[in-house]
Amino acid sequence: MNAILAASFLIGGLSAVLATMIVVVDSVVNNYGEVKIDINNGKKELKVNGGAPLLTTLSEQGIFIPSACGGRGSCGACKVKVLSDIGPILPTEAPLLDEVEMKQNIRLSCQVKVKSDIAIEIPEELFSAKIFKGVVEKTNDLTYDIKGVKIKLVEPNEIEFKSGQYMQLVIPPYEKINEYTQRAYSIASSPSQKESLEFFIRLVPGGIATTYVHNYLKENDQMELVGPFGEFYMRDTDADMICVAGGSGLAPIKSIVADMFERGITNRNVWLFFGARSLKDLYYMDFFQDMEKKWDRFHFVPALSEPQPEDNWNGETGLITNVLGKYFKEKMDQNTQKEGYLCGSPGMINACIKVMTENGISEDKIYYDKFA
Amino acid sequence: MSPDVGLISLFFASIFTSNILLSNFLGMCSFISVSKDFTSSNGLGLAVTFVMTVTTAINWLVYHYLLIPFGLEYLRYIVFIIVIAAIVQISEMVIERMSTNLYMSLGIFLPLITVNCAILGVALFMQIRNYNFLQSVIFGLGSGLGWWLAIVSLAAIRKKVDKSPVPGPLKGPGITLITIGLMAMAFMGFSGMLNVQ
Chain L
1 MNAILAASFL IGGLSAVLAT MIVVVDSVVN NYGEVKIDIN NGKKELKVNG GAPLLTTLSE
61 QGIFIPSACG GRGSCGACKV KVLSDIGPIL PTEAPLLDEV EMKQNIRLSC QVKVKSDIAI
121 EIPEELFSAK IFKGVVEKTN DLTYDIKGVK IKLVEPNEIE FKSGQYMQLV IPPYEKINEY
181 TQRAYSIASS PSQKESLEFF IRLVPGGIAT TYVHNYLKEN DQMELVGPFG EFYMRDTDAD
241 MICVAGGSGL APIKSIVADM FERGITNRNV WLFFGARSLK DLYYMDFFQD MEKKWDRFHF
301 VPALSEPQPE DNWNGETGLI TNVLGKYFKE KMDQNTQKEG YLCGSPGMIN ACIKVMTENG
361 ISEDKIYYDK FA
Chain F
1001 MSPDVGLISL FFASIFTSNI LLSNFLGMCS FISVSKDFTS SNGLGLAVTF VMTVTTAINW
1061 LVYHYLLIPF GLEYLRYIVF IIVIAAIVQI SEMVIERMST NLYMSLGIFL PLITVNCAIL
1121 GVALFMQIRN YNFLQSVIFG LGSGLGWWLA IVSLAAIRKK VDKSPVPGPL KGPGITLITI
1181 GLMAMAFMGF SGMLNVQ
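So, in structure tokens, the structure goes:
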């Protein structure tokens, strides 16, 4: 018994002494004092304590850089242009930056630390991204693996965003997940609905956030959101819009379509292709079919790649890319300007970009939101 | 009872005749991986030297003033590892502050010093051979310098080998292992000069 106690005290005491040493050295060595962050050539200047990653330093100052993985260096969303010298590209950044970005000194803000005065460039709209507190008003099963979540905003109680943009949901610790995590989800509701936000969230097996939303999130739960973010929104032109959505990728497209209809932008032709495997993967059909009746230039084309006999499906079948190609040749006006709006898996998006470029849409007119 | 070994003999023996890497083959993984680049090898060698010296000293004190008096010698493995892990953490922080370039070039191998068996090996040899405090520190420093000498030598040789006409199947790890074997044989040439076992 005494031996067990002595061993426990020795290991515990030694660990405590060494941990104290580490804390003391950390506080001395990693004390970089007060440093300045210059944003957009003097538009904003922040004085912060140095030593922490740029992403968290900025968020502590109320500037939220999008980060779908919550700062783990895996999504590559938190890129910022750094104008001052902060040392070479880190091994953790290299896989997520291409050559052009490296030359322009684009860095991952979650990986670089603020150790001395630094100048950065970020899109102006990020100044308006905020933390929102809300309460879950409603959750409902849209399909067997996609849940609709409506969150009523409490503080601030209203939001301004462009249809197509996304928010980051702050997922609290649960079960074996012992820290806060953030994940990005497209807003499905229309910008006119300022007091609440809706999301379509598909269950990803083993996914931290989607498991939480599907298995733990209940009505009346409190929820934090950060945003809005994103460059995926309707461009203000007269071109025909060719939208392709897969799975929960319908969310931003639904927001764009609802927003256009509400604002009376019905002079443009809009084609919405919604790809799914079988009937059980389709949802929000009534909404888009109703929209088709009210808006004569809106065309809704759901397509099933693996329709089941019991589905009694009379609509389009096959891969969405094949259906898209067929419509380009047979149904659409060949002589109009067109823009592409794609939201879904990277594979689907890449395949659709190929079809679109083959049918005359230049790549810079194709906008997309990949679920990478 | 401490062995009757002069400090100077012990110092040179641990660098050359009993080189921790080339005679005991401890600390091989980072030795092979990092030796592709001379600058990183030099940095890692110095970091290992520092960690080896400091941890050997601390581990000697912990062993003789904590473990032996309480009859807890059997805890030496876990205790030595805890000390090594803490010192590596501190070294990592200091290197990050002092030389960002070195910190980045070492990458994952810096925290991996913790599991570098050469470091634990030196601590265990110190205890098995009953070295006194001064002998242990000198042995730790010498072994660290020996490891550093071996890795920078291999890095230099590999730089030359990279530009040499090596047969295709031997390129990379193959020729590196052959080189290490030849280096070990060359170091064996010192073995008759001193003996610290």
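Line order of the protein sequences matches chains L and F. Under the numbering used here, the first residue of the first sequence is numbered 1, with each subsequent residue one higher. Under the numbering used here, the first residue of the second sequence is numbered 1001, with each subsequent residue one higher. Ideal Cβ placement from N, Cα and C applies to all residues, glycine included.
Residues bridged to residue i [DSSP beta-bridge criterion]
i	result
Leu-1010 (chain F)	BP columns for Leu-1010 (chain F) are empty, so no partner.
Ala-303 (chain L)	L:Gly-275 and L:Glu-316
Ala-119 (chain L)	L:Asp-38
Phe-298 (chain L)	L:Val-270
Glu-45 (chain L)	L:Asp-38
Met-167 (chain L)	L:Tyr-185
Tyr-368 (chain L)	L:Leu-342
Leu-153 (chain L)	L:Gly-134
Glu-224 (chain L)	L:Lys-133 and L:Val-170
Val-323 (chain L)	In DSSP, Val-323 (chain L) forms no bridge with anything.
Ala-209 (chain L)	DSSP, once it has assigned bridges, lists no residue as partnering Ala-209 (chain L).
Chain-ordered chain L contacts of residue i [CB-CB under 7 Å]
i	result
Thr-1100 (chain F)	Gly-87
Gln-1089 (chain F)	Ile-22
Met-1093 (chain F)	Val-25, Asp-26, Val-29 and Asn-30
Minimum Cβ-Cβ distance from residue i to chain F less than 8 Å
i	result
Ile-366 (chain L)	no
Ala-7 (chain L)	yes
Listed by chain order, chain F residues near residue i by CB distance under 9 Å
i	result
Ser-15 (chain L)	Ile-1082 and Ala-1086
Per-residue contacts from residue i into chain F (C-beta, under 8 Å)
i	result
Ile-11 (chain L)	Leu-1075, Ile-1078, Val-1079 and Ile-1082
Residues that residue i contacts on chain L, provided the C-beta gap is smaller than 8 Å
i	result
Met-1028 (chain F)	Those do not exist, as Met-1028 (chain F) stays about 22 Å from chain L at its closest Cβ, beyond 8 Å.
Met-1126 (chain F)	None at all; the shortest Cβ gap to chain L is about 18 Å.
Met-1104 (chain F)	Gly-87, Pro-88, Leu-90 and Pro-91
Any C-beta of chain L under 8 Å from that of residue i
i	result
Arg-1097 (chain F)	yes
Alpha-carbon to alpha-carbon, residue j and residue i
i	j	result
Leu-304 (chain L)	Lys-47 (chain L)	55 Å
Phe-1038 (chain F)	Ser-1030 (chain F)	13 Å
Ala-7 (chain L)	Pro-1173 (chain F)	44 Å
Glu-363 (chain L)	Asp-117 (chain L)	38 Å
Tyr-233 (chain L)	Pro-156 (chain L)	23 Å
Gln-168 (chain L)	Leu-1021 (chain F)	50 Å
Asp-98 (chain L)	Tyr-216 (chain L)	38 Å
Asp-259 (chain L)	Pro-191 (chain L)	7 Å
Asn-220 (chain L)	Asp-141 (chain L)	17 Å
Tyr-212 (chain L)	Gly-73 (chain L)	21 Å
Lys-254 (chain L)	Pro-95 (chain L)	33 Å
Ser-163 (chain L)	Val-204 (chain L)	24 Å
Ala-1155 (chain F)	Trp-1148 (chain F)	10 Å
Gln-1135 (chain F)	Ala-1150 (chain F)	22 Å
Trp-313 (chain L)	Ala-77 (chain L)	39 Å
Val-270 (chain L)	Tyr-174 (chain L)	42 Å
Ile-177 (chain L)	Ala-209 (chain L)	10 Å
Gln-337 (chain L)	Ile-361 (chain L)	8 Å
Phe-9 (chain L)	Pro-172 (chain L)	35 Å
Compile a chain-ordered list of the residues in the region 1054-1076 of chain F whose CB is closer than 8 Å to at least one CB of chain L.
Val-1062, Leu-1066, Leu-1067, Phe-1070, Gly-1071, Leu-1072 and Leu-1075
Residues of the region 18-46 of chain L whose Cβ lies closer than 7 Å to any Cβ of chain F, in chain order:
Leu-18, Met-21, Ile-22, Val-25, Asp-26, Val-29 and Asn-30
If the cut-off is 7 Å on Cβ atoms, which residues from the region 80-113 of chain L count as contacting chain A, listed in chain order?
Given the protein chain composition of this structure (L and F), no chain A is represented.
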